[in-house]
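Engineer: For what it's worth, this note's numbering labels the leading residue of the sequence shown as 1, then goes sequentially.
In this text, a Cβ means the ideal position worked out from N, Cα and C, and glycines have one as well.
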Amino acid sequence: MVRFVLSALLVGYLPGALLFRLPVAHRDGRAALDADERVFWHVIVSVAWSVAVVLALASAGAYRFERLLAINGAIAVLMVLIWRWRLRYAAGSARAITASTLLPIAVCMLGAWLFFPPSEYVMGGKDPGTYMNEGIQIAQRGTLWIRDPMVADIPEPLSILFYPPHYSPYYFSNRFMGFFVMDRASGEVVGQFPHLLPASIAIGYGLNGLSGARQTMPIWALLGLAAIYFLAARLVGRAGAAAAAALVAVNVIDVWFARQPNSEHVMQALLFAGTLAFAHAAAGQQRFFGTLAGVLIGLQMFLRYEIVLVIGALAAAWACLGVDRRRVGWGFWLTLVPLVSLGLIYLSGPMRAYGAYPLGFTRDRGGWTLVAIAVVGVIGARVVASRTTIAPRVRRWLPRALAVLLVALAAYAWFLRQPGGGTTDFDADSLRVFAWYVTPWGVWAGVIGLAILIWRRFWIDPAFVLVSAACGGFFFYKTRISPEHFFSMRRFLAAALPAVMIGVVALAAALAAATFNGRRRGAATSDTVDRTPAWRSIAAGALTVALVAPLAGAFWHAATPVRSHIEQAGLIPRLEALAAEFTPNDFVIVESRNASDTHVLALPLAYIYDRSVAVLANPRPDKQRVELLLDWASRRFDRVFFLGGGGTDLLSRRIAATPVKSWQFSVPEYDTPMNAYPRGVTMKEFDFGLYRLSRTAEQADAPMDLTLGTLDELNVVRFHSKERQPDGRTFRWTRDVSYVILTGAGASTSEVTIWMSNGGRPAAAPPADVEVALEDRVLGTVRVDGEMRPYRFAIAPGLAASVSDGLDPVRLRLRTPTWQPSAILGGPDGRDLGVIVTRVQTR
């Protein structure tokens, strides 16, 4: 525990606290900030520093958690030795803790209660698992770009079984979903996503192992709430800021994504912190906060490409500051420009597979020319806006024009926008779909509140307005994501949701102030004394809370199912048990993603538990290459295993597969419908078998007796998962076309018997007519009834041998009209079902 606390301080507090206290760059201005905001800056500066150090070390292949601690400790000691007692604030210069400090503490406590425990999303197949495994790979191997021996060691003629060339100019092949093989010969593998979030996951892993890696995301979400609070406090006061941050915290979008890895929550924290730093710089603290704003924004080039929208919005805000001749300081540009340049090199070089689309999109649409024009335009706009003859008009009319434009665009998106042309249905409905999560009243209260805020207080913080407009407008126009829910709501998490909630509170506060004729003063709006009677302020605050409370209640109700849900709970113990079946000297072949979902377990087995794993690229691999692979693997490894759920045609007459163990378990997953609100928790089934593979002499013809639903994975292709009847009998459902691999079938095979039932097929479904064939040679067709019974099919002499190539076993094909229970009977079962098969026997 002592080590954990000291390490956490070195990573997440001490460097930022000392940098913030340095007696340079107008420290008295920083000391004058409220005590709670000073603590926030200590943490956010430390986190940004530590993540940047991890990125720098890992890019050189030199990251170790102990090395990060040593660097942070050395920097802290150096600052203490150089400045010593001068690190203390001058007497009376630092604001003391006040009762209002309880507000951000309460918000963060609420968030901590909502956001923990995090999900157990460590498997592959989707974005969260990719982020998690990228981060753990940084922690374990110390580099951003993995040197994977399982890619480099497999001989080139055999590697096509796992890594067939994709003939892409950006990468060679796939290692796992979300991981690209960049160079097969050297084994270089790169994760799909930029590394800022994975770098922070690596820090969490160093602090507390796999649990710490999982806890990284809720920590980022808490930093996001704090950043929203301190920025909103400038616009709607501290009580209003607490209400806005609390609305964000209890919303189902925030609760859901706070528990699983996603880059949007990281962007939310750094975006609002960077925008707040920009505002402080514009208020007169250019040297420190201007530089910090450049760092916090520029770092996000290593997080998401969409940060270019924010950079453009901040450039526009800088131009607007010319009206008051305010500056943000050269430090902003001297840190932002180099970081953006490094980010572009990073995206076009090592991360070219990720950066190809956004960079190509920008290039192909003349984006770089527009950037150059925009730079000239922004500079020109600042010069023009600063002219004394024009500035008063800009000050008066720009906020009003922006407020009217905001309401007009929202009205168009809500009432008029329809799909057609290049506009998809989910793009056309983006604002209306957003209302599923914030309610229609919340959307319009937020829009009207933001319009009031822009009209009245735009010049307090133009950066917030323009950044929110850029991010929200861009994604409400084109979401650029699959309309799978909750997944698609990621687009609105970083900026749109917090901005709308701040607007909601602004509207409530405006109504309350108008009701009691009070006048609320923003944190940086005026230096006049607020003479509103205390009772009016208290009454206005109470009315504000009362106006916001119904929306908070709606959010709370909507998030109730999610609060009690832990995505994929129990998966990690199952993975640990599976990994324990192997040693690092075993080779595990996992079946293709085209065969079953077993491949999603391969990623954590390899990149968390350090097992030698490779995923087949094809459900029907070349058998001669498989035999050669087993010859090679028998010299390189102690044992060779196959892991599959049924769907891989792997066996030949010279490959022996010894059953080891059958695995069946399920983990909770939330519903993920397309273009619809999720309905609740479902269960993701895992059903696979483990086999030990070996080379053997060519096997002679022999009868086969296969019981389906046990260790049958290497004998069935395109069947549904294993099931068990009440009497204990195991079975599988067929699909429209399913196959059984008849090992041992040959010239002497004369008959095949299949035990089948139609499984209680309803009268509205088509008859269960099953066509049975050896490969393409039809043996016959039978109508299967509701009773489980054997159906025998004669095989003409020599037919089994004639349809076999002498190496591959014969495939028995079952073709059946299917029915869908959800379509005919209702309910959640959307499978296409053929017939039940319990046993297949040859003689």
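Which one or two residues does DSSP pair with Ile390 in a beta bridge?
Structural biologist: The residue you call residue 390 lines up with position 390 of the sequence shown. DSSP lists no partner for Ile390.
Engineer: I want to know whether the segment 552-570 touches the segment 598-613 - three or more CB-CB distances under 8 Å.
Structural biologist: no
Engineer: I'd like the span of the beta strand (DSSP E) that includes Phe719, first residue to last.
Structural biologist: The sequence position of residue 719 within the sequence shown is 719, counting from 1. Residues 716-724.
Engineer: Using a Cβ-Cβ cut-off of 6 Å (strictly less than) and excluding sequence neighbours within five positions of Gln841, which residues of its own chain qualify?
Structural biologist: For the purposes of this step, residue 841 is taken as the residue at position 841 of the sequence shown. Cβ within range, chain order: Asp705, Thr753.
Engineer: What does the alpha-carbon distance come out to for the pair Arg363 and Leu370?
Structural biologist: Sequence index remark: in the sequence shown, residue 363 carries index 363 (1-based). Sequence index remark: in the sequence shown, residue 370 carries index 370 (1-based). When rounded, the distance between both Cα atoms is 10 Å.
Engineer: I'd like the ranges of any alpha helix (DSSP H) spanning at least 4 consecutive residues and lying wholly in the segment 148-207.
Structural biologist: 149-152, 156-159
Engineer: Could you pull out every residue in the same chain whose Cβ sits closer than 7 Å to the Cβ of Ile228, ignoring the five residues on either side in sequence?
Structural biologist: Here residue 228 refers to the residue found at position 228 of the sequence shown. Answer for Ile228: Ala244, Ala245, Val248, Phe272, Pro498, listed in chain order.
Engineer: Who are the Cβ neighbours of Pro703 in its own chain at under 7 Å, not counting the five residues just before and after it?
Structural biologist: Taking the sequence shown and counting its residues from 1, one reaches residue 703 at position 703. For Pro703, where only same-chain residues beyond five positions count, the Cβ hits under 7 Å are Gly744, Thr842, Arg843.
Engineer: To the nearest angstrom, how far is it from the Cα of Val740 to the Cα of Val717?
Structural biologist: The count along the sequence shown starts at 1 and reaches residue 740 at position 740. The count along the sequence shown starts at 1 and reaches residue 717 at position 717. If you take the alpha carbons of Val740 and Val717, they lie about 6 Å apart.
Engineer: Taking His195 as the reference, which of Pro169, Leu144, Tyr170 has the closest Cα?
Structural biologist: Taking the first residue of the sequence shown as position 1, residue 195 is located at position 195. Measuring from the Cα of His195, the nearest candidate turns out to be Leu144.
Engineer: Can you give the Cα-Cα distance for Ala747 and Val835, rounded to whole angstroms?
Structural biologist: Here residue 747 refers to the residue found at position 747 of the sequence shown. Here residue 835 refers to the residue found at position 835 of the sequence shown. One C-alpha to the other measures close to 29 Å.
Engineer: How many angstroms separate the CA atom of Pro165 from the CA atom of Asn618?
Structural biologist: On the sequence shown, position 165 is the one that residue 165 refers to. On the sequence shown, position 618 is the one that residue 618 refers to. Roughly 13 Å between the two C-alpha positions.
Engineer: Return helix, strand or coil for Glu576, following the three-state DSSP convention.
Structural biologist: On the sequence shown, residue 576 is found 576 positions in, with the first residue counted as 1. Glu576: helix per DSSP, three-state reduction.
Engineer: With a threshold of 6 Å on Cβ separation, who are the neighbours of Gly322 within its own chain once the five nearest residues in sequence on each side are excluded?
Structural biologist: Within the sequence shown, residue 322 is the residue found at index 322, counting from 1. Excluding its 5 nearest sequence neighbours in each direction, Gly322 has C-beta neighbours in its own chain below 6 Å: Arg382, Ala385, Ser386, listed in chain order.
Engineer: Please classify Ile572 as buried or exposed, where buried requires at least 16 other C-beta atoms within 10 Å of its C-beta.
Structural biologist: Position 572 of the sequence shown holds residue 572. Flag for Ile572 reads buried.
Engineer: In chain order, what residues of the same chain have a beta carbon less than 8 Å from the beta carbon of Met79, not counting five sequence neighbours either side?
Structural biologist: For the purposes of this step, residue 79 is taken as the residue at position 79 of the sequence shown. Cβ neighbours of Met79 beyond the five flanking positions: Leu18, Leu19, Leu22, Leu87.
Engineer: Does the distance from the C-beta atom of Asn595 to that of Gly644 stay below 8 Å?
Structural biologist: Here residue 595 refers to the residue found at position 595 of the sequence shown. Here residue 644 refers to the residue found at position 644 of the sequence shown. With the sequence shown as reference, residue 595 is identified as Ala, and Asn is not the correct amino acid for it. In contact: Ala595 and Gly644 (Cβ atoms closer than 8 Å).
Engineer: To the nearest angstrom, report how far apart Thr98 and Arg141 are at their CA atoms.
Structural biologist: Position 98 of the sequence shown, counting from 1, holds the residue named residue 98. Position 141 of the sequence shown, counting from 1, holds the residue named residue 141. For Thr98 and Arg141, the distance between alpha carbons rounds to 46 Å.
Engineer: Is Leu774 helix, strand or coil by DSSP?
Structural biologist: As a position in the sequence shown, residue 774 is number 774, starting the count at 1. Strand, per DSSP.
Engineer: If contacts are defined as beta-carbon pairs under 8 Å, then Pro668 and Ala569 qualify, I think. What distance do you get, rounded to the angstrom?
Structural biologist: As a working mapping, residue 668 is identified with position 668 in the sequence shown. As a working mapping, residue 569 is identified with position 569 in the sequence shown. Indeed, because the Cβ distance is near 6 Å, the residues count as touching under 8 Å.
Engineer: Alpha carbon to alpha carbon, how far is Gly187 from Arg636? Give it in angstroms, no decimals.
Structural biologist: Here residue 636 is taken as the residue at index 636 of the sequence shown, counted from 1. Here residue 187 is taken as the residue at index 187 of the sequence shown, counted from 1. Computed Cα separation, rounded: 17 Å.
Engineer: Whose C-beta lies closer than 8 Å to the C-beta of Met123 among residues of the same chain, with five residues either side of it excluded?
Structural biologist: As a working mapping, residue 123 is identified with position 123 in the sequence shown. Excluding positions up to five away in sequence, the list reads Gly129, Gln568, Leu571, Leu575, Val600, Leu601, Leu603, Pro604.
Engineer: Between Phe230 and Pro261, what straight-line distance do the alpha-carbon atoms span, to the nearest angstrom?
Structural biologist: The sequence position of residue 230 within the sequence shown is 230, counting from 1. The sequence position of residue 261 within the sequence shown is 261, counting from 1. CA-CA distance, Phe230 to Pro261, rounds to 24 Å.
Engineer: Kindly identify the DSSP beta-bridge partner or partners of Leu270.
Structural biologist: Stepping through the sequence shown from its first residue, residue 270 is reached at position 270. None, per the DSSP bridge assignment.
Engineer: State whether the segment 50-61 contacts the segment 195-205, with contact taken as three or more CB pairs (one from each stretch) at a distance under 8 Å.
Structural biologist: yes
Engineer: Quick one, which of Arg839, Pro817, Leu10, Tyr412 has its alpha-carbon nearest Asp832's?
Structural biologist: For the purposes of this step, residue 832 is identified with residue 832 of the sequence shown, where counting begins at 1. Among Arg839, Pro817, Leu10, Tyr412, the Cα nearest to that of Asp832 is on Pro817.
Engineer: Cutting at 6 Å between CB atoms, please list the residues of its own chain near Asp254, excluding the five before and the five after it.
Structural biologist: Numbered from 1 along the sequence shown, position 254 holds the residue referred to as residue 254. Excluding positions up to five away in sequence, the list reads Val248.
Engineer: What number of angstroms, rounded off, separates the C-alpha of Pro15 from the C-alpha of Pro659?
Structural biologist: Position 15 of the sequence shown, counting from 1, holds the residue named residue 15. Position 659 of the sequence shown, counting from 1, holds the residue named residue 659. Near 55 Å, if we compare the C-alpha coordinates of Pro659 and Pro15.
Engineer: If Pro118 sits next to Ala226, beta carbons under 8 Å apart, how far is it from one beta carbon to the other, in whole angstroms?
Structural biologist: Mapped onto the sequence shown, residue 118 falls at position 118. Mapped onto the sequence shown, residue 226 falls at position 226. That belief does not hold up - the Cβ atoms of Pro118 and Ala226 are roughly 18 Å apart, past 8 Å.
Engineer: Between Asp687 and Lys722, which are expected to be in contact by the criterion C-beta below 8 Å, what is the C-beta distance as a whole number of angstroms?
Structural biologist: On the sequence shown, residue 687 is found 687 positions in, with the first residue counted as 1. On the sequence shown, residue 722 is found 722 positions in, with the first residue counted as 1. That belief holds up - the Cβ atoms of Asp687 and Lys722 are roughly 5 Å apart, short of 8 Å.
Engineer: Should the segment 422-438 be called in touch with the segment 277-286, which here means at least 3 C-beta pairs below 8 Å?
Structural biologist: no
Engineer: Are Arg654 and Glu698 close, meaning C-beta to C-beta below 8 Å?
Structural biologist: Along the sequence shown, read from residue 1 onward, the residue named residue 654 stands at position 654. Along the sequence shown, read from residue 1 onward, the residue named residue 698 stands at position 698. Their beta carbons are under 8 Å apart, which means Arg654 touches Glu698 by this criterion.
Engineer: Which whole-angstrom value is the C-beta distance of Val810 and Ala794, which I expect to be below 8 Å?
Structural biologist: The count along the sequence shown starts at 1 and reaches residue 810 at position 810. The count along the sequence shown starts at 1 and reaches residue 794 at position 794. At roughly 15 Å, the Cβ-Cβ gap does not stay under 8 Å, so Val810 and Ala794 are not in contact.
Engineer: Specify whether the segment 300-315 and the segment 329-344 touch according to this definition: at least 3 beta carbon pairs, one from each stretch, less than 8 Å apart.
Structural biologist: yes
Engineer: Do Gly647 and Glu591 come within 8 Å of each other at the CB atom, strictly closer than that value?
Structural biologist: Position 591 of the sequence shown holds residue 591. Position 647 of the sequence shown holds residue 647. Closer than 8 Å, so yes.
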